[in-house]
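Participant: If you scroll down you'll find the structure; I have some questions about it.
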Amino acid sequence: MSGITGLWRMDYLEESFAKSGFKAGNAHHLNTLPAFGALQTHILHQSAYNLVYEAVRKKDNSPWFCGDGDAYNLNETFLSACEEKLKQYSNRGSRSYGVRDEYRLDHFNSSEGVLWIPTQVWFNFALAHLKAVEISTMHVY
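Residue numbering for the sequence shown follows UniProt numbering, starting at 1 and increasing by one per position.
Have a look at this one:
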């Protein structure tokens with residue numbers, strides 16, 4: 001059985017937050033996809049995000065990858081971080097991950113702002129992206 005994963009459309013979130021009277025928020029784009037991600041503001045504590053993030057984050061929510069300097073120097077920290085992420089992204093396609101809006105609004109009653117894709121497609125994309133970053137870094141180094 002395959003899971004599905006929901007990805008918030010940024011244009012939908014921006015419109016929704018604007019209808020709620022928010023002037024600004026912090027955008028958190030998903031991987032390298034500028035049209036998808038999360039939006040968060042602390043004015044009235046509305047927060048919308050993708051639950052697929054929870055599949056690979058640490059329990060304390062601390063950064064899960066090495067620093068830019070490690071990648072630039074192609075050191076063991078970078079290589080170990082890549083290996084760990086490759087393991088995490090593998091075999092993740094059987095679960096489902098939705099989206100969450102932690103402040104419900106009257107006009108937020110449909111899922112038209114969410115792109116639903118097979119979970120395996122999402123993690124294959126994340127795997128390919130990470131491998132490309134690793135290969136590119138090694139090539140430049």
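Backbone N, C-alpha and C fix where the C-beta goes; we use that ideal spot for every residue, glycine too.
(1) Tell me whether the beta-carbon of L39 lies closer than 7 Å to the beta-carbon of A55.
(2) Assuming R95 and G3 are in contact, meaning their beta carbons sit under 8 Å apart, how far apart are those beta carbons, in whole angstroms?
(3) Compare the beta carbon distance of L51 and R100 with 7 Å and say whether it is the shorter of the two.
(4) Please give the ranges of any alpha helix (DSSP H) in the region 47-90, keeping only runs that are unbroken, at least 4 residues long and fully inside the region.
(5) Inspect the beta-carbon positions of L127 and Y72 and report whether they are closer than 7 Å.
(6) Go ahead and pull the three-state DSSP assignment for N31.
(7) For Y12, which three-state DSSP category applies?
(8) For the alpha helix (DSSP H) that E112 lies in, which residues bound it at each end?
(9) Round the Cβ separation of A48 and C66 to the nearest angstrom and send it over; I've been treating them as touching at under 8 Å.
(10) Using the beta-carbon count (16 or more within 10 Å), is V140 buried or exposed?
(11) Would you identify the three-state DSSP class for L127, choosing helix, strand or coil?
(12) For E134, which residues of its own chain have a beta-carbon under 6 Å away from its beta-carbon, when the five flanking residues on both sides are left out?
(13) Quick one: measure Cβ to Cβ for V114 and G6, integer angstroms, because I've assumed they're closer than 8 Å.
Facilitator: So, from the listed chains and residues:
(1) With respect to A55, L39 sits apart: the two C-beta atoms are not nearer than 7 Å.
(2) About 4 Å; that satisfies the 8 Å criterion.
(3) Yes, Cβ-Cβ distance for L51 and R100 is below 7 Å.
(4) Within the region 47-90, the runs of alpha helix (DSSP H) at least 4 residues long that lie entirely inside it are, in chain order, 68-72 and 76-89.
(5) Taking the C-beta atoms as reference points, Y72 is found no nearer than 7 Å to L127.
(6) Coil, per DSSP.
(7) Helix, per DSSP.
(8) Here E112 belongs to no alpha helix (DSSP H), and DSSP marks it neither H nor E.
(9) Going by Cβ atoms, the distance from A48 to C66 rounds to 28 Å, so no, they are not a contact pair.
(10) Counting Cβ neighbours within 10 Å, V140 comes out exposed, since fewer than 16 surround it.
(11) It is helical.
(12) Closer than 6 Å at Cβ, skipping near neighbours: C82.
(13) 4 Å between Cβ atoms; contact.
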